[in-house]
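First the structure, in the form of structure tokens, and then the observations on it.
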Amino acid sequence: MEIEQLKTFLAVAQLGSFQQVAEQKFISQRTVSKQMTNLENELRVKLFFRGSNKISLTNAGIYFSQQANELINQLNDSVVKLHNITNNNLQHLRIGYFSPFEGRLLVTHIRKYRSMMADQPISFHVSEASIEHLIADVTLGILDCAYILDYGTHDHLINTELNSIKVADGKMVLGISKDHPLAAKKSLSATDLIGQTILYYSNESSTYLQSAFLATLPRNHSYNIQRIGTIEQLQTLVALNQAIAFYPESLPLFSNDWVVFRHLNNSANRASQNYSIQLIYRPDNNINGLHYFRQFLGQLN
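Have a look at this one:
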């Protein structure tokens, strides 16, 4: 499968005609048709309904067109970034974050850096991933650094060779619909959570927050804790009183008039609800961009 083949497929998906695509690309209709047949054979999936006057996509074709379009966009973006990297006067920093909460904090810090450190410009290349993924990517050198949520047992960095800097801290809180009976309480206990659906956010498969939250609760009860892949869905389910969710309190929260936040009383002999946001990085990463950004964060603290 070649990039040009995918671009031809997207053109057919848009125009609905082999002939129009052939004219657009200055090739024969037979060439376009053959390319699309080869693509279907390679994928072993039928992508088109071929009518006498119109080419339309099957359900598989519609899905594949969405994925192919995203792939082409990512490729184009990568090419632009590669060209930018050739500018030796600009430092580059590949930095990850775990969730929209840390993402907002990261945006705040980047904007402050750009306004306060104009003489040391950095081009930030930002990506989102699970905490496990971020730790692995920083360890392998795929990322230069990452903002991660350190919570619960606080032991996920112990066996790594990474350094870390605290950039924020606070307590975890539970978000509850104003219509929920528990909203009337000033704070919640672990007993209040029995029988509740408790949500946490992660954009990819991850059990870190689930394990971290369970570490703060008594072990003599079972809890229904589930991952949600989008922050919008999490907020919606909480607002509609279909679940509760836990959030980092002092980070910027998405405003929601139907959700209130309550502290969870700490259980005896269990991990506390305290969390911190840590910038993690390899101690042998000596690029100037990371050095500049670490110095800047030290000034903020």
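According to the UniProt record's numbering, the residues represented by the sequence shown are 1 to 301, in order.
All C-beta atoms, glycine included, are put in the ideal place defined by N, C-alpha and C.
Just how far apart, CA to CA, sit residue i and residue j?
i           : j       : result
residue 305 : Ser-33  : One cannot answer for residue 305 here, as it falls past the ends of the chain, which runs 1 to 301.
Met-117     : Gln-66  : 40 Å
residue 305 : Ala-13  : Only positions 1 to 301 of the chain appear in this structure, which leaves residue 305 out of reach.
Gln-233     : Asp-137 : 27 Å
Leu-188     : Ile-287 : 46 Å
Val-259     : Ile-225 : 19 Å
residue 304 : Ile-244 : In the structure displayed, the chain extends from 1 to 301; residue 304 sits before or after that span and is not available.
Gln-29      : Arg-50  : 14 Å
Arg-282     : Thr-31  : 51 Å
Asp-119     : Leu-90  : 10 Å
residue 319 : Asn-73  : Beyond the ends of the chain as shown, which are 1 and 301, falls residue 319; an answer cannot be given.
Phe-293     : Gly-170 : 22 Å
Ser-17      : Thr-8   : 11 Å
Ile-158     : Ile-135 : 12 Å
Asp-179     : Gln-235 : 14 Å
Lys-112     : Gly-103 : 14 Å
Ser-250     : Met-172 : 8 Å
His-291     : Ala-168 : 19 Å
Mind checking residue i: buried by the 16 CB within 10 Å criterion, or exposed?
i       : result
Ile-55  : buried
Tyr-151 : buried
His-133 : buried
Ala-68  : buried
Met-1   : exposed
Tyr-63  : exposed
Asp-144 : buried
Val-80  : exposed
Val-45  : exposed
How many whole angstroms separate the CB atoms of residue i and residue j, which I take to be in contact at a CB cut-off of 8 Å?
i           : j       : result
residue 302 : Ala-11  : Since the displayed the chain opens at 1 and closes at 301, residue 302 lies outside it and no answer follows.
Ser-272     : Thr-216 : 7 Å
Phe-246     : Phe-213 : 6 Å
Leu-39      : Gly-61  : Actually they do not touch by this definition, with Cβ atoms about 10 Å apart.
Leu-264     : Leu-174 : 6 Å
Ser-127     : Gly-96  : 5 Å
His-92      : Gly-289 : 6 Å
residue 313 : Leu-162 : A question about residue 313 goes unanswered here, because the residues of the chain that appear run from 1 up to 301.
Strictly under 8 Å for the Cβ-Cβ distance: is residue i near chain D by that measure?
i      : result
Asn-38 : No chain D is part of this structure, which consists of one protein chain only.
Handout entry: Three CB pairs or more closer than 8 Å across the stretch 221-232 and the stretch 200-212
Key = yes
Handout entry: Sequence ranges, alpha helix (DSSP H) only - wholly within the stretch 119-187, length at least 4
Key = 131-140
Exercise for the section: Could you tell me whether the stretch 277-289 touches the stretch 136-148, where touching means 3 or more Cβ pairs closer than 8 Å? Expected result: yes
Practice task
Could you pull out every unbroken beta strand (DSSP E) segment of at least 3 residues lying fully inside the UniProt domain "HTH lysR-type" (1-58), listed in chain order?
Solution key: 48-50, 55-57
Practice task
Please go through the stretch 224-294 and give each complete alpha helix (DSSP H) segment of 4 or more residues, from N-terminal end onward.
Solution key: 231-239
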